[in-house]
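Notes follow once the structure below has been shown.
Residue numbers (the numbering used here): 15 to 360.
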């Protein structure tokens, strides 16, 4: 097989992987809506094979509702819910789970086609297998998260954040491989972009940490408190920030501290992305690397505005979902920029 033929195959594989990335993004948005509508605990069982099939008659709906009535969320938050109300929250969680299974099919079937057709290079095969295994592990982690809410009114913020960050990690791995296939050759650069590369690498890590902090905000429902800006109920550092002992628990279990940390990280991200964008102009970049920096700069402004609007609106559904989706877009633009800078490095 000559190089041009393999490059054509690699491009086909890259477009497929980008489609999978888009499906993961949709999954993240659905997951955000599921969380904000308190739908995640509505399905009390996990059946990887038969879970495609929802209740098909009234008796099946009543049986499923009966299971839901056994957990604290029903007794403490939804004691007046009837089976019709239950159907509403069930269907959103059902869509979330089915979409996860569809992502598996979106990956597995094309993978088998490319493999049988001999279009996957040997170095690429283990990477694709790892992607598939990570996807399966994410499904298990999702159930592990949901099961933590069966004996309380909410899921564990630790497991929720782990599930969120696993999704970002899988997305990052697939996007990194896909963009590497699309831009395999190094292009000439007027100057060495190594300093800019490491600056964007640091920003990508900072964005990921900010997302993780947002996971704890979501898990503790901290966005429903301190709905003022720039101060938190009249204070820069909220009262009770360090009330828990050992002190580090405040970063994960203290609503005031968790929200303050997320705010501070988001503000730092906004400032540093802006500084990096201005700094990047000295490199006279062209093509995809320049596009990535502009996308990252524009998205950080949008994401910060979405976060502020979500906070001040006391987490309206559409704003909360958009803010979660915006986080993945910002992260993807940063990762894309990093990959493109790697391609332009001499």
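Note that beta-carbon positions come from the ideal geometry of N, C-alpha and C, so glycine has one too.
The structure displayed is predicted, hence computed values, not measured ones.
Residue 87 is positioned such that its CB atom lies closer than 8 angstroms to that of residue 55.
A contact between stretches requires three or more CB pairs, one per stretch, nearer than 8 angstroms, and the stretch 16 to 31 fails this requirement with the stretch 176 to 185. Where residue 49 is concerned, the enclosing alpha helix (DSSP H) starts and stops at 17 to 50. In the three-state reduction of the DSSP assignment, residue 246 falls in the strand class. With a cut-off of 8 angstroms on Cβ pairs, the stretch 344 to 357 is in contact with the stretch 188 to 197, counting three or more such pairs. Rounded to the nearest angstrom, the Cβ distance from residue 121 to residue 138 is 14 angstroms, too far for a contact under 8 angstroms. Residue 253 carries a coil assignment under DSSP once its states are collapsed to helix, strand and coil. In the three-state reduction of the DSSP assignment, residue 240 falls in the coil class, being assigned neither a helical nor a strand state.
Cβ contact annotation for residue 113 (same chain, cutoff 8 angstroms, sequence separation greater than five): 37, 40, 41, 44, in chain order. Contact between the stretch 228 to 240 and the stretch 161 to 173 is present, with at least three C-beta pairs closer than 8 angstroms.
Secondary structure of residue 168 (DSSP, three-state): coil. In this structure residue 218 is buried. Its beta-carbon is surrounded by 16 or more other beta-carbon atoms within 10 angstroms. Non-local C-beta neighbours of residue 32 in its own chain, meaning closer than 6 angstroms and more than five positions away in sequence, comprise 192, ordered along the chain. The Cβ atoms of residue 311 and residue 291 sit closer than 8 angstroms to each other.
Inter-residue distance for residue 307 and residue 344 is about 11 angstroms (C-alpha atoms, whole angstroms). Each residue's CA atom was taken as its position, placing residue 269 and residue 80 some 33 angstroms apart. For the pair residue 95 and residue 338, the Cα-to-Cα distance works out to about 28 angstroms. Ranking 85, 104, 49, 83 by CA distance to the CA of residue 70 puts 104 first. Spanning the alpha carbons of residue 340 and residue 147 requires a straight line of approximately 26 angstroms. With respect to the C-alpha of residue 156, the residue from 58, 318, 264 having the closest C-alpha is 58. Non-local beta-carbon contacts of residue 264 in its own chain, meaning distances under 6 angstroms to residues more than five positions away in sequence, involve 256, 258, 271 in chain order. Around the beta carbon of residue 330, fewer than 16 other beta carbons sit within 10 angstroms, so the residue counts as exposed.
If you draw a straight line from the Cα of residue 83 to the Cα of residue 89, it comes to about 7 angstroms. In the displayed model, residue 134 falls within coil according to three-state DSSP, outside both helix and strand. Taking C-alpha positions only, residue 237 is separated from residue 212 by approximately 32 angstroms. Counting only the Cα atoms, residue 162 lies some 16 angstroms from residue 267.
Apart from sequence neighbours up to five positions away, the residues of its chain that approach residue 309 with a beta-carbon distance below 6 angstroms are 347, ordered along the chain. Within its own chain, the residues whose Cβ lies closer than 7 angstroms to the Cβ of residue 247, once the five positions on either side in sequence are excluded, are 240, listed in chain order.
Taking C-beta atoms as the reference points, residue 220 and residue 286 count as a pair closer than 8 angstroms.
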